[in-house]
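Numbering (this note's numbering) for the sequence shown: 55 to 302.
Written below as structure tokens is the structure these notes are about.
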Amino acid sequence: MRLEGRTILITGAATGIGRATALAMADAGAGVVINHLAQEDLALALLDEITLRGGRAWTIGADVSNAQEVSQMMKHLANTCPAIDTLVHNAGIIQEKPFLDTTEADWDRMLAIDLKSAFLMARAVLPGMLAKGRGNLINIASDLGIIGRAHFAPYCSAKAGVIGLTKSLALEFAPHIRVNAIAPGPVATAMLSPESMSAQTLALELDIPQRRFAHPNEIASTAVFLASELSGFYTGQVLGPNGGSVMP
Ligand SMILES: NC(=O)c1ccc[n+]([C@@H]2O[C@H](COP(=O)([O-])OP(=O)(O)OC[C@H]3O[C@@H](n4cnc5c(N)ncnc54)[C@H](O)[C@@H]3O)[C@@H](O)[C@H]2O)c1
55 MRLEGRTILI
65 TGAATGIGRA
75 TALAMADAGA
85 GVVINHLAQE
95 DLALALLDEI
105 TLRGGRAWTI
115 GADVSNAQEV
125 SQMMKHLANT
135 CPAIDTLVHN
145 AGIIQEKPFL
155 DTTEADWDRM
165 LAIDLKSAFL
175 MARAVLPGML
185 AKGRGNLINI
195 ASDLGIIGRA
205 HFAPYCSAKA
215 GVIGLTKSLA
225 LEFAPHIRVN
235 AIAPGPVATA
245 MLSPESMSAQ
255 TLALELDIPQ
265 RRFAHPNEIA
275 STAVFLASEL
285 SGFYTGQVLG
295 PNGGSVMP
């Protein structure tokens, strides 16, 4: 699964799955653009790690739910790194709240960061990919976008939307651009910690056939596969590194 000559933009790459994906893509030979949300120190530390391992990387701060910031990011990247041929849209947030306590602001924030961002990012990178005649989009969804979860309605709705967007773009931009999603099960990151979730939810997350959380590397390896030509006949698919939480 070698990715020499590729330039891969990863959103939300300063931490968790995004960070592991950046390292795995760089180890496979790709140049990596590390997008972050005001996490300059973490992003630069990641860039240093990639450079130390002999790889090539760039960092760029931008809120990917904001059209203007996305457009500024793309303008900046056009002058600093080779054209983006693969996007891993990974940035996201989660919120646990009973549905009847969920405000319009909660809903709008979640849908902007977890779904509108996927639209903005795809819209930003597709023209360059079309000009080159090839491209690859990988959206990070969630198993919860397939099975739903009590107290997570906005998150589950946004991630289900990401899956719908993925399939629609796969149809619209075939045959030369592939678009797939990854719907991970529970992964050991800040998102799945006692700071961001109740003990009850964490227990539910562990109640899957493999009875453990994934290491972020186990999701990153799926992203490397989707970025590589080994997955050349995959498009419009939702891959599920999920420990058995969903069996379609
Ligand atoms: N951890 C899990 O169990 C799990 C399961 C399924 C799916 N996911 C998805 O994986 C992705 C990565 O999450 P993670 O688990 O690594 O958690 P994480 O919190 O470590 O990573 C999310 C990253 O996205 C960034 N981000 C948030 N809003 C942003 C914005 N507007 N613009 C740019 N960056 C932004 C954050 O700063 C953070 O670095 C998310 O989309 C999440 O929904 C996670």
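C-beta atoms are modelled at their ideal positions from N, C-alpha and C, and glycine is treated no differently.
Fair warning: this is a prediction, and the values are worked out from it, not measured in the lab.
With 16 other Cβ atoms within 10 Å as the buried cut-off, status of residue i
i	result
Phe206	buried
Pro152	exposed
Ser299	buried
Gln93	buried
Ser285	buried
Asn133	exposed
Ala228	exposed
Glu259	buried
Ala68	buried
Asp162	exposed
Leu184	exposed
Leu293	buried
Leu223	buried
C-beta contact flag for residue i and residue j at 8 Å
i	j	result
Val87	Ile114	yes
Gly66	Leu91	yes
Asp261	Arg188	no
Ser282	Glu150	no
Leu101	Ala111	yes
Gln264	Gly297	yes
Ala116	Asn89	yes
Ala274	Ala80	no
Ile236	Ile167	no
Pro208	Leu174	no
Leu77	Ile104	yes
Pro302	Ala268	no
Gly218	Pro136	no
Ala212	Leu169	yes
Any non-hydrogen atom of ligand 1 within 7 Å of residue i CB
i	result
His269	no
Ser196	yes
Gln126	no
Ile386	Within the shown structure, residues of the chain are numbered from 55 to 302, placing residue 386 beyond reach of any answer.
His90	yes
Ile192	no
Ile148	yes
Leu165	no
Val179	no
Ile201	no
Pro240	yes
Val118	yes
Nearest residue (CA-CA) to residue i, options the options
i	options	result
Thr289	Ser250, Thr220, Glu259, Met127	Thr220
Leu246	Gly146, Ser211, Met301, Gln291	Gly146
Ala172	Val300, Leu225, Val118	Val118
Gly72	Ser211, Ala176, Cys210, Thr276	Thr276
Leu233	Arg56, Leu198, Gln291	In the sequence on display, residue 233 carries Val and not Leu. It is Gln291 whose Cα lies nearest to the Cα of Val233.
Gln126	Val179, Arg163, Lys170, Thr255	Val179
Pro238	Ala257, Leu223, Cys210	Cys210
Arg107	Lys129, Phe267, Gly83	Gly83
Leu198	Asp155, Ile148, Thr156	Ile148
Ala204	Val241, Thr156, Gly215	Thr156
Ile200	Val216, Asn190, Ser250	Val216
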